[in-house]
Amino acid sequence: MAKKKSVLIIYTGGTIGMITNPETGAYKPFDFEQISKQIPALKSFGFDLETISFEKPIDSADLKPDTWVKLVKILRKNHSKFDGFVILHGTDTMAYTASALSFMLQDFYKPVILTGSQLPVEMLRTDGKENLITAIEIAAAQENGRAIVPEVCIYFDNKLFRGNRTTKRNAEYFDAFDSPNYPILAEAGITINYKRNNIKYPEYNKIPTIHEKLDTNIAIIKMFPGISQKFIEAVFNTKDLKAVILETFGS
99 MAKKKSVLII YTGGTIGMIT NPETGAYKPF DFEQISKQIP ALKSFGFDLE TISFEKPIDS
159 ADLKPDTWVK LVKILRKNHS KFDGFVILHG TDTMAYTASA LSFMLQDFYK PVILTGSQLP
219 VEMLRTDGKE NLITAIEIAA AQENGRAIVP EVCIYFDNKL FRGNRTTKRN AEYFDAFDSP
279 NYPILAEAGI TINYKRNNIK YPEYNKIPTI HEKLDTNIAI IKMFPGISQK FIEAVFNTKD
339 LKAVILETFG S
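In our numbering, the protein residues as written are 99 to 349.
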């Protein structure tokens, strides 16, 4: 009998795990067990699914680099135990996390799929159910014993994006993400159509290198018409600053 595929689901927080407070009408976080109850189809996969939930769910807007280090440590510890990984994350900073993890997990070889939702999973029209179900399917997908998508990616609204080429483009529609400078890696319809020419396949003889140290003494300046010399000097004179990234015009 073939071995069951195994996927670790890491719940960090985000809209997908919110419920409505009956007293205030505002959203409040709840645990992953409640998400499972809202998506009974998770039990029909035939996969070995395990979950790790952050003790205190993170509001996406409150994300800090420490969270990336925490995630990387979880992924490193479980690398050999699972075929793939799904991270449930708030949408506001999901692209930042996907990009950071793509560089911190060097030669990781296994799918790390970030997803979430625009509406809480408890709501009738939620996009969270399809996003999570398909993200799990992609994380477990293999061919000849190897992952079809051995990358850090974002799956959202039927499309799979390379993690470090993705940006959030709107907060009102289900197609919240875009990859303006790189084509999608897969598209889900009746079947999942993998764009294999767009997927980066590693050299499998390399040993994974996991980077757990980050330096946050780096600034980003986005150039704009009228930017003043005083503004730029103030940034460059910041105490302990080690580097500045300039986002300039194309000309």
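We put the beta carbon where it would ideally sit given N, CA and C, even for glycine. All values derive from a computational prediction rather than experimental measurement.
query	result
With three or more C-beta pairs closer than 8 Å as the rule, is the region 268-282 touching the region 314-323?	no
Where DSSP assigns a beta bridge to F254, which residues make up the other side?	K257
Here's the rule: buried if 16 or more other CB atoms are within 10 angstroms of the residue's CB, otherwise exposed. What is S142?	exposed
Does the contact criterion of 3 or more C-beta pairs under 8 Å hold for the region 230-237 versus the region 277-290?	yes
Could you have a look at I172 and say whether DSSP puts it in helix, strand or coil?	helix
Excluding the 5 residues preceding and the 5 following S215 in the sequence, name in chain order all residues of the same chain whose CB lies nearer than 7 Å to its CB.	T113, I114, T224, D225, G226, N229
Taking the alpha-carbon of D146 as reference, which of P155, K102, W166 has the nearest alpha-carbon?	K102
What did DSSP end up calling I308 once you bin it into helix, strand or coil?	strand
Cα separation between K298 and P248?	7 Å
If we count Cβ pairs, one from each stretch, closer than 8 Å, do we get three or more for the region 178-185 versus the region 105-112?	yes
Hey, how far is the Cα of P209 from the Cα of S200?	11 Å
Considering I404, what are the terminal residues of the alpha helix (DSSP H) in which it resides?	Residue 404 lies beyond the range of the chain shown here (99 to 349); nothing can be said about it.
Quick check: what's the CA-CA separation for T336 versus D276?	33 Å
Please look up how many angstroms separate the CB atoms of T307 and Q204, rounded, as I've assumed it's under 8 Å.	4 Å
If you drop the 5 nearest sequence neighbours on each side, which residues of the same chain put their C-beta closer than 6 Å to that of E148?	L106
Given a threshold of 16 other Cβ atoms within 10 Å of its Cβ, counted over all protein chains shown, does K179 qualify as buried or as exposed?	exposed
Would L147 count as contacting chain B if we go by Cβ distances under 8 Å?	In the displayed structure, chain B is absent; only one protein chain is listed.
In whole angstroms, give me the CA-to-CA distance for R263 and S134.	30 Å
Which class does A332 belong to by DSSP, given the choice of helix, strand or coil?	helix
When burial is assigned at 16 or more other CB atoms within 10 Å of the CB, is A193 buried or exposed?	buried
Have a look at K162 and P281 and give me their C-alpha separation to the nearest angstrom.	28 Å
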